[in-house]
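One structure below.
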Amino acid sequence: MEKVLILLGCPESPSQTPLALYTAHKLTKMGFDVTVASTPSAAKLLEVSDSEEFYVQKKVDLEKCLENLEEKEYDLLVGFVHKDAAVSYFVTFYHILNIKSFAIVFEKDAELLEKFLNDLTENTDATLISARAYHNPTPLRVKIDKAFKELED
Amino acid sequence: MSFCLELHLQQSEDYEILISNAGFKEAKTVIENHAPKILYVKPGAKVLGARIIGIPPIPIGIDEAQSKITLPYTKPCHGTAVVELPVEKEEIDKVKAISVNPLKK
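This is the structure:
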């Protein structure tokens, strides 16, 4: 079974937690072994949202995961990027793991969104899934469904 | 015993924060303008026992005269800070060993 690491950023954006649960469940249904790496605060939001661990079974602390991470430890990286720091984290995980990667990029400010996308394009070969989004996760959900179709082939 | 950056920042006051809550590029410029010498490392390189987070090439400032290192320190909810702290000479040698290019200055 192929292993996927879902990387969460700061949970400040309300779209991140529902999209993380949606993405984790979607990838699990597609046959991936899913692990979610997050900060303690993002983990708390997941724990309350998914108290029976129906959607996410494997959770790891972001810093501990990074400390011991090795190349090819996972088969697929999916990162949520909606802050400058999240760009840095995603690029770092991308360069250590050296695997196929998707970045889910969202921000309500168009200029910031463009900056994040430019930084990711210049420093990774990741597939970018992006939308101007903050409260409403639907545009990204639709784009995630479309982008992940390539994983079904 | 090897240096632990996280422990040092938690338990010591012997460091200086040059900028905090910044974007990575802003932090990079601060390091490049501050330190006498700059070494660049790859994302995820271990410096002072911690993985360095950022966009390549990541600058590490070196002040050999004062035996100090200046480096970016990123947290998901707090952006990037630039921290300068005193280190043993061997820690500077370790950075030299993993740098991806020669000294810029």
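Sequence order for the protein chains is R and B.
Residue -11 is where the first sequence starts when you use the working numbering, and the numbers rise one by one after that.
Residue 473 is where the second sequence starts when you use the working numbering, and the numbers rise one by one after that.
Note that the Cβ used here is the ideal one computed from N, Cα and C, for glycine as well.
The structure displayed is predicted, hence computed values, not measured ones.
B/Val555 is the residue among B/His550, B/Cys476, B/Val555, B/Lys500 whose C-alpha sits nearest the C-alpha of B/Ile489. Taken atom to atom, the span from the alpha-carbon of B/Glu504 to that of R/Leu64 is near 34 Å.
Residues are counted here when their Cβ sits less than 7 Å from a Cβ of chain R; for the region 564 to 575 of chain B the count is zero. Of the residues assessed, R/Asn111 falls on the buried side of the cut-off, its CB having 16 or more other CB atoms within 10 angstroms. Here R/Met18 has Phe136, Leu139, Glu140 as same chain residues with Cβ atoms under 8 Å from its own Cβ, once five neighbours each way along the sequence are excluded. Inter-segment contact for the region 477 to 493 of chain B and the region 533 to 551 of chain B is present: three or more beta-carbon pairs are separated by less than 8 Å. At a beta-carbon threshold of 9 Å, the residues of chain B lying near R/His83 are Lys514, Pro515, Gly516, Pro528, ordered along the chain. When C-alpha distances from R/Tyr122 are compared across R/Thr115, R/Tyr77, R/Ile92, R/Ser26, the shortest belongs to R/Ile92. The beta-carbon distance between R/Ser89 and R/Ala114, rounded to whole angstroms, is 4 Å. This is short enough to meet the 8 Å contact definition. Residues of the region 36 to 62 of chain R that bring their beta carbon within less than 9 Å of a beta carbon in chain B comprise Leu50, Glu51, Leu54, Glu55, Leu57, in sequence order. Here the region 18 to 37 of chain R lies against the region -2 to 9 of chain R, with 3 or more beta-carbon pairs under 8 Å apart. Between the C-alpha atoms of B/Leu511 and B/Ile527 there is a straight-line separation of about 14 Å. The alpha-carbon of B/Val567 is positioned some 12 Å away from that of B/Glu560. With 16 or more other Cβ atoms from the protein chains shown falling within 10 Å of its own Cβ, R/Phe81 counts as buried. Closest option to R/Lys71, judged by alpha-carbon separation, among R/Leu108, R/Asn56, R/Glu95: R/Glu95. If you draw a straight line from the Cα of R/Leu108 to the Cα of R/Val79, it comes to about 7 Å. Shown here, B/Ile570 sits in a helix according to DSSP, grouped into three states. The beta carbon of B/Ile525 sits closer than 6 Å to those of Thr546, all from its chain and outside the five residues before and after it, given in chain order.
Nearest to R/Arg120 by alpha-carbon distance, out of R/Lys134, R/Leu105, R/Gly67, is R/Leu105.
Of all residues in the region 119 to 141 of chain R, none has a C-beta nearer than 8 Å to a C-beta of chain B. Within the DSSP secondary-structure output, B/Gly551 pairs in a beta bridge with B/Lys547. Look at the region 479 to 504 of chain B: the residues with a C-beta under 7 Å from a C-beta of chain R are Gly495, Phe496. Within 8 Å of the CB of R/Val79, the CB atoms of chain B belong to Pro515, Gly526, Ile527, Pro528, in sequence order along the chain. The Cβ of B/Thr542 sits no closer than 8 Å to any Cβ of chain R.
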